[in-house]
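*Asks:*
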Amino acid sequence: MSPLDVIKVRSQVVSEQVVAGKKPSVVVVHNGLQTCLVPRPEKCQITNSLLISGRNIVRTEGIGGLYRGLAATLVQSIPNVILYYSCYDTLRSWGKEGGQKGLLNYIGNSALLAGGAARVVSTSIVSPLELVRTRQMNSTVPTSMVAEFKSIIEVGGVAGLWRGARVTLARDVPFSAVYWVVVEGVRNSEGVREWGSGMMGGKFLTSLLSGAAGGVVASLISTPMDVIKTRQQVNLSLNGKANQGIIKMMSNIYEKEGIGGLWRGNSARLARVVPSCAIMLGTFEGFKILLSERDGKD
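Residue numbers (full-length UniProt numbering): 1 to 298.
1. Quick one: is residue 3 buried, meaning 16 or more other Cβ sit within 10 Å of its Cβ, or exposed?
2. Taking residue 185 as part of the alpha helix (DSSP H), name the residues at either end of that continuous run.
3. Would the segment 243–250 and the segment 176–185 be scored as touching if the rule is three or more Cβ pairs under 8 Å?
4. CB residue 72 to CB residue 12, shorter than 9 Å?
5. Since I believe residue 125 is in contact with residue 117 (beta carbons under 8 Å), could you give me their beta-carbon distance rounded to a whole number of angstroms?
6. Mind checking residue 287: buried by the 16 CB within 10 Å criterion, or exposed?
7. At what residues does the alpha helix (DSSP H) containing residue 13 begin and finish?
8. Please check the pair residue 62 and residue 7, which I expect to be a contact at CB under 8 Å, by giving their CB distance rounded to whole angstroms.
9. Locate the alpha helix (DSSP H) running through residue 66, then write down its first and last residues.
10. At what residues does the alpha helix (DSSP H) containing residue 264 begin and finish?
11. When we look at the beta-carbon of residue 132 and count the other beta-carbons within 10 Å, is it buried (16 or more) or exposed?
12. Is the separation between the beta-carbon of residue 112 and that of residue 181 shorter than 9 Å?
13. Can you give the beta carbon distance from residue 10 to residue 138, rounded, assuming they're within the 8 Å contact cut?
14. Identify which residue in 249, 294, 115 and 178 has its Cα closest to the Cα of residue 81.
15. Is it the case that the Cβ atoms of residue 219 and residue 274 are separated by a distance below 9 Å?
16. Taking 9 Å as the cut-off, decide whether the C-beta atoms of residue 153 and residue 164 are in contact.
17. Who are the near neighbours of residue 216 in its chain, counting only those whose CB is closer than 6 Å to its CB and skipping five residues on each side?
18. Are the CB atoms of residue 50 and residue 267 nearer to each other than 9 Å?
19. If I follow the unbroken alpha helix (DSSP H) through residue 244, where does it start and stop?
20. To the nearest angstrom, report how far apart residue 252 and residue 235 are at their CA atoms.
21. Take residue 95 as the anchor and find which of 89, 84 and 109 has the nearest alpha-carbon.
22. Mind checking which residues open and close the alpha helix (DSSP H) that includes residue 137?
23. Taking only three categories from DSSP, how would you classify residue 235?
24. Are the CB atoms of residue 122 and residue 87 nearer to each other than 9 Å?
25. Could you check whether residue 226 and residue 272 sit closer than 9 Å to each other, using their CB atoms as the reference points?
26. Excluding the five sequence neighbours on either side, which residues of its own chain have a C-beta within less than 7 Å of the C-beta of residue 33, listed in chain order?
27. If we count the other Cβ atoms within 10 Å of its Cβ and call it buried at 16 or more, is residue 176 buried or exposed?
28. Report the residue from 250, 213 and 83 whose alpha carbon sits nearest the alpha carbon of residue 231.
29. Would you identify the three-state DSSP class for residue 49, choosing helix, strand or coil?
30. Relative to the C-alpha of residue 85, which candidate in 282, 59, 255 and 205 has its C-alpha closest?
31. Could you tell me the distance, in whole angstroms, from the CA atom of residue 212 to the CA atom of residue 179?
32. Which of the three DSSP states is assigned to residue 141 in this structure?
Pasting the structure below:
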């Protein structure tokens, strides 16, 4: 899925000149030590087509260009997924069992609130890795995670590692809330329950279906915030802060690029998010089933 992420990031940070049909003569490159301008390769073209975008990246940067930020993605994914699903499952179990009182019990009884709360925890912890990952994906030259961390801290201090964290939460919390509402609605619907119960591996397949459905709806709703997050994290200013606030940046994108600018990179994002959501939920539920069966035998 890494190539799709790279294509998505590149398309989301495309300059206003490219959007208007005028190619800039230079591009911004972060080499881990400094930010500089380099001539834009003539064959490096921005396009809405996933295949053409991928081909252009390979032509100008080699196959490795499609895997920028892969190490950061792998390092980020493990704690992110474990924290996210564990928090959600724990909150929901508290709500169903009534073992907690007050706010925790209230949150646990709502898929929307439990999903949002779980995402706040996971996103806040892995935000520095998300920043490094995004910047590496936008770079046209290879950079190491260590070099990116140093570069970010030199410009914005340790707090700079959480640059764009607010807009990331503004993207991820609604995404998670909507995702789990759709997931619970789909897998608890009578038709899906009957379909799943009548076949081998029914719960696993039901989880795949509901995860994919949740991924589609949540991704479409949250893409504008994803565009803003990407641009804030990529565009370093001298004081290490975002050049514009969320509302201001959204307004500028709409004025200069139209409503489509807020959904830039949406096709690449859907192509990555939907199967990822399906696979992660299916795998998580599958392991839960295996563990419960093993505990039953013991």
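Note that beta-carbon positions come from the ideal geometry of N, C-alpha and C, so glycine has one too.
*Replies:* In short:
1. Along the sequence shown, one-based indexing puts residue 3 at 3. It is buried - the Cβ of residue 3 has at least 16 other Cβ atoms within 10 Å.
2. Residue numbering aside, residue 185 sits at position 185 when the sequence shown is read from its first letter. Counting along the chain, the alpha helix (DSSP H) containing residue 185 begins and ends at 165–187.
3. The segment 243–250, when compared against the segment 176–185, does not touch it at the 8 Å Cβ threshold.
4. The count along the sequence shown starts at 1 and reaches residue 72 at position 72. The count along the sequence shown starts at 1 and reaches residue 12 at position 12. No, the Cβ-Cβ distance between residue 72 and residue 12 is not below 9 Å.
5. Translated into positions along the sequence shown, residue 117 becomes position 117. Translated into positions along the sequence shown, residue 125 becomes position 125. Not quite, the Cβ-Cβ distance comes to about 14 Å (not below 8 Å), so this is no contact.
6. Position 287 of the sequence shown, counting from 1, holds the residue named residue 287. Counting Cβ neighbours within 10 Å, residue 287 comes out exposed, since fewer than 16 surround it.
7. Numbered from its first residue, the sequence shown carries residue 13 at position 13. Unbroken run through residue 13: none, as it is neither H nor E.
8. Translated into positions along the sequence shown, residue 62 becomes position 62. Translated into positions along the sequence shown, residue 7 becomes position 7. No, residue 62 and residue 7 are not in contact; Cβ-Cβ is about 15 Å, not under 8 Å.
9. Counting from 1 along the sequence shown, the entry for residue 66 is found at position 66. Segment: none, residue 66 is in no alpha helix (DSSP H) and carries neither H nor E.
10. Along the sequence shown, read from residue 1 onward, the residue named residue 264 stands at position 264. That residue, residue 264, is in no alpha helix (DSSP H); it is neither H nor E in DSSP.
11. The residue given as residue 132 occupies position 132 in the sequence shown. The residue is buried, with at least 16 neighbouring Cβ atoms inside 10 Å.
12. Position 112 of the sequence shown, counted from the start, is the residue given in the question as residue 112. Position 181 of the sequence shown, counted from the start, is the residue given in the question as residue 181. Contact: yes.
13. In the sequence shown, residue 10 corresponds to position 10, counting from 1. In the sequence shown, residue 138 corresponds to position 138, counting from 1. Correct: roughly 7 Å between the Cβ atoms.
14. On the sequence shown, position 81 is the one that residue 81 refers to. Minimum Cα distance to residue 81 is reached at 115.
15. The residue given as residue 219 occupies position 219 in the sequence shown. The residue given as residue 274 occupies position 274 in the sequence shown. Yes, the pair counts as a contact, with Cβ atoms nearer than the cut-off.
16. Within the sequence shown, residue 153 is the residue found at index 153, counting from 1. Within the sequence shown, residue 164 is the residue found at index 164, counting from 1. Not in contact: residue 153 and residue 164 (Cβ atoms no closer than 9 Å).
17. Within the sequence shown, the letter at position 216 stands for residue 216. For residue 216, where only same-chain residues beyond five positions count, the Cβ hits under 6 Å are 274.
18. Position 50 of the sequence shown, counted from the first residue, corresponds to residue 50. Position 267 of the sequence shown, counted from the first residue, corresponds to residue 267. Contact flag set, yes.
19. For the purposes of this step, residue 244 is identified with residue 244 of the sequence shown, where counting begins at 1. Counting along the chain, residue 244 falls outside any alpha helix (DSSP H), and DSSP gives it neither H nor E.
20. As a first step, residue 252 must be located in the sequence shown, where it is residue number 252. As a first step, residue 235 must be located in the sequence shown, where it is residue number 235. Their backbone Cα atoms lie some 15 Å apart in a straight line.
21. Numbered from 1 along the sequence shown, position 95 holds the residue referred to as residue 95. With respect to the C-alpha of residue 95, the residue from 89, 84 and 109 having the closest C-alpha is 109.
22. Taking the first residue of the sequence shown as 1, we reach residue 137 at position 137. Counting along the chain, the alpha helix (DSSP H) containing residue 137 begins and ends at 111–138.
23. Within the sequence shown, residue 235 is the residue found at index 235, counting from 1. Three-state DSSP puts residue 235 in coil, outside helix and strand.
24. Here residue 122 refers to the residue found at position 122 when the sequence shown is read from its first residue. Here residue 87 refers to the residue found at position 87 when the sequence shown is read from its first residue. Their beta carbons are under 9 Å apart, which means residue 122 touches residue 87 by this criterion.
25. To locate residue 272, count along the sequence shown from 1; it is residue 272. To locate residue 226, count along the sequence shown from 1; it is residue 226. Result no, Cβ atoms of residue 272 and residue 226 do not sit closer than 9 Å.
26. Position 33 of the sequence shown, counted from the start, is the residue given in the question as residue 33. Here residue 33 scores only 45 on pLDDT, less than 50, and its place in the model is too uncertain to base an answer on.
27. By 1-based counting over the sequence shown, the position of residue 176 is 176. Label assigned to residue 176: buried.
28. Start at 1 with the first residue of the sequence shown, and residue 231 comes out as number 231. Among 250, 213 and 83, the Cα nearest to that of residue 231 belongs to 250.
29. Translated into positions along the sequence shown, residue 49 becomes position 49. Residue 49 falls in the coil class under three-state DSSP.
30. By one-based count along the sequence shown, residue 85 stands at place 85. Comparing Cα-Cα distances from residue 85 to each of 282, 59, 255 and 205, the minimum goes to 282.
31. Here residue 212 corresponds to residue number 212 of the sequence shown, with the count starting at 1. Here residue 179 corresponds to residue number 179 of the sequence shown, with the count starting at 1. If you take the alpha carbons of residue 212 and residue 179, they lie about 9 Å apart.
32. Stepping through the sequence shown from its first residue, residue 141 is reached at position 141. Three-state result, residue 141: coil.
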